[in-house]
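Here is the structure we will look at.
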Amino acid sequence: MPSLTINDHEMYYEIHGQGDPVVCMGGWGTYCHGKETLLARGLTDEYQVLIFDYRGIGDSSDNFKIEPTMAMHANDLIDLLDHLKWQNVHMIGLIGMGCCVAQELAIQRPDLVRSMVNMGAWAYCDTHLYDQLKLFRDVHRDSGFFAFQKFVSLYSFLPEYYSKNRDRLLGPEGGWKELNNNYQAHERLVEACLHHDVRDRLQQIKAPCLIIHAAKDLVTGPRTTLPIEKELPNAKGATMKEAAHIVAGKKQKMEFCKILFNNLTFFLLLQKFLIHFQAIQMIFHQELPF
């Protein structure tokens with residue numbers, strides 16, 4: 422799979438499927454290296470999906486002399502999309518950091534964005550979220566990766582799901598495995614998350630947006646997602662009443678896919694309507710005698 426030298430680092434990426442372009446980004450991990458199966462079921466059947474490794478994880482390198490910011494990560498993706506000559510892209514950001522990158526990119530380069538989906542998002546870290554993210558990082562630093570993995574899993578999944586799937590969620594092949602023996606990368610990812618703040622710029626995002634609220638999310642639930650929906654000028658919201666920080670289990674995944682695909686189709690129809698409406702306006706104005 423390809424990699425590209427971008428902004429003084431090697432950026433690894435993969436493209437799966439055919440159709441209209443989509444970028445899908447998650448939290449402190451990757452959908453690459455065989456994990457594309459974790460994407461929404463059917464996404465690569467209908468769309469051409471770009472996934473990539475954030476700096477310092479997987480097969481992407483990093484430059485530790487560069488301050489880690491969400492703008493830096495957004496610029497990496499912008500340059501990759503420009504290299505691929507992709508425009509009019511559906512930006513899907515999930516489980517935290519991916520949402521922040523999508524927001525920053527939509528502000529910087531609106532020409533690249535057809536629509537934006539956020540779930541598990543924040544526009545800035547309030548005191549509660551700030552201390553949570555720092556604590557996740559500090560547990561990794563002070564107690565090791567496996568203590569961090571267990572700690573963040575307890576926050577991310579519903580108790581019933583965690584209890585039933587504990588052995589699969591934990592261990593060397595469990596969640597967030599890209600951060601095992603990789604504390605420095607984790608530290609830099611958290612640093613970018615802590616200082617993400619687009620509160621005074623959200624209204625610049627004019628693309629149609631879907632904000633999904635996970636009612637049982639203990640990290641980035643409606644407390645942090647509802648203000649985003651209210652501030653964005655062209656946003657609609659959907660609530661998953663039984664979802665925690667990570668959508669897990671067949672029933673929840675089916676609900677998420679239904680919400681996602683219905684809205685991607687709506688965004689496509691909306692864009693076609695606007696294009697036709699603008700064309701009619703131009704014809705109308707051309708025919709006016711004054």
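In my numbering, the protein residues as written are 422 to 711.
From the three backbone atoms N, C-alpha and C, an ideal C-beta is built for every residue, glycine too.
Predicted model only: the values in this text are computed from it and were never measured.
In this structure, how does DSSP classify alanine 523 when only helix, strand and coil are distinguished?
The residue labelled residue 523 in the question sits at position 102 within the sequence shown. For alanine 523, the secondary structure class from DSSP, reduced to helix, strand or coil, is helix.
So, under 8 Å CB-CB, threonine 646 and alanine 542 are touching, yes? Tell me the CB distance rounded to an integer number of Å.
The residue labelled residue 646 in the question sits at position 225 within the sequence shown. The residue labelled residue 542 in the question sits at position 121 within the sequence shown. So it is a contact: roughly 5 Å between Cβ atoms.
Please confirm if histidine 454 has its CB atom under 8 Å from at least one CB of chain B.
Protein chains in the displayed structure number just one, and chain B is not present.
Tell me where the alpha helix (DSSP H) around proline 643 begins and ends.
The count along the sequence shown starts at 1 and reaches residue 643 at position 222. Residues 643-652.
Is glutamate 581 helix, strand or coil by DSSP?
Working through the sequence shown from its first residue, we reach residue 581 at position 160. The answer is helix: DSSP assigns glutamate 581 an H, G or I state.
Nearest by alpha-carbon distance to methionine 675: which of Leu685, Phe688, Thr686, Met661 is it?
Locating residue 675 in the sequence shown gives position 254, counting from the first residue. Comparing Cα-Cα distances from methionine 675 to each of Leu685, Phe688, Thr686, Met661, the minimum goes to Met661.
Would you kindly report the start and end of the unbroken alpha helix (DSSP H) that includes serine 564?
Start at 1 with the first residue of the sequence shown, and residue 564 comes out as number 143. Following the DSSP letters along the chain, one finds serine 564 inside the alpha helix (DSSP H) bounded by residues 548-564.
Might you give, ordered along the chain, the residues of its own chain that have their beta carbon closer than 7 Å to the beta carbon of glutamine 553, omitting 5 neighbours on each side?
Start at 1 with the first residue of the sequence shown, and residue 553 comes out as number 132. Cβ within range, chain order: Val640.
Are there 16 or more other CB atoms within 10 angstroms of the CB of arginine 568, so buried, or fewer, so exposed?
One-based indexing of the sequence shown puts residue 568 at position 147. Just to set this straight, residue 568 is alanine in the shown sequence, not arginine. Here alanine 568 is exposed, its C-beta having fewer than 16 other C-beta atoms within 10 Å.
First and last residue of the beta strand (DSSP E) that includes histidine 430?
To locate residue 430, count along the sequence shown from 1; it is residue 9. DSSP places histidine 430 in the uninterrupted beta strand (DSSP E) bounded by 430-437.
May I ask you to list the residues that DSSP assigns as paired with leucine 464?
Taking the first residue of the sequence shown as position 1, residue 464 is located at position 43. Leucine 464 pairs with nothing; no bridge assigned.
Pairs of beta-carbons, one from the segment 506-517 and one from the segment 448-465, closer than 8 Å: are there three or more?
Put simply, the segment 506-517 touches the segment 448-465. At least three CB pairs are less than 8 Å apart.
Can you list, in chain order, the residues of its chain with a C-beta nearer than 6 Å to that of leucine 695? Leave out the 5 residues immediately preceding and following it.
Walking along the sequence shown from the start, residue 695 turns up at place 274. Confidence at leucine 695 is low in this model, with a pLDDT of 45, below 50, so the placement of that residue should be treated as unreliable; the coordinate-derived value is given next. Hits under 6 Å: none found.
Counting pairs of beta carbons, one from the segment 498-511 and one from the segment 550-566, are three or more of them closer than 8 Å?
No, the segment 498-511 is not in contact with the segment 550-566.
Can you tell me which of the three DSSP states cysteine 453 falls into?
As a first step, residue 453 must be located in the sequence shown, where it is residue number 32. Collapsing the DSSP output to three states places cysteine 453 in coil.
Considering only C-alpha positions, which residue in the set Leu591, Leu459, Tyr468, Asp618 is nearest to glutamine 439?
Here residue 439 refers to the residue found at position 18 when the sequence shown is read from its first residue. The shortest Cα separation from glutamine 439 among Leu591, Leu459, Tyr468, Asp618 belongs to Tyr468.
With three or more C-beta pairs closer than 8 Å as the rule, is the segment 621-636 touching the segment 570-586?
Verdict: no, contact absent.
Roughly how many angstroms separate the alpha carbons of alanine 544 and lysine 672, rounded to a whole number?
Locating residue 544 in the sequence shown gives position 123, where the first residue counts as 1. Locating residue 672 in the sequence shown gives position 251, where the first residue counts as 1. Near 29 Å, if we compare the C-alpha coordinates of lysine 672 and alanine 544.
Neighbourhood of tyrosine 433 by C-beta distance below 8 Å, restricted to the same chain and skipping five residues each side
Mapped onto the sequence shown, residue 433 falls at position 12. Excluding positions up to five away in sequence, the list reads Met422, Pro423, Ser424, Cys453, Phe473, Asp474, Gly479, Asp480, Ser481.
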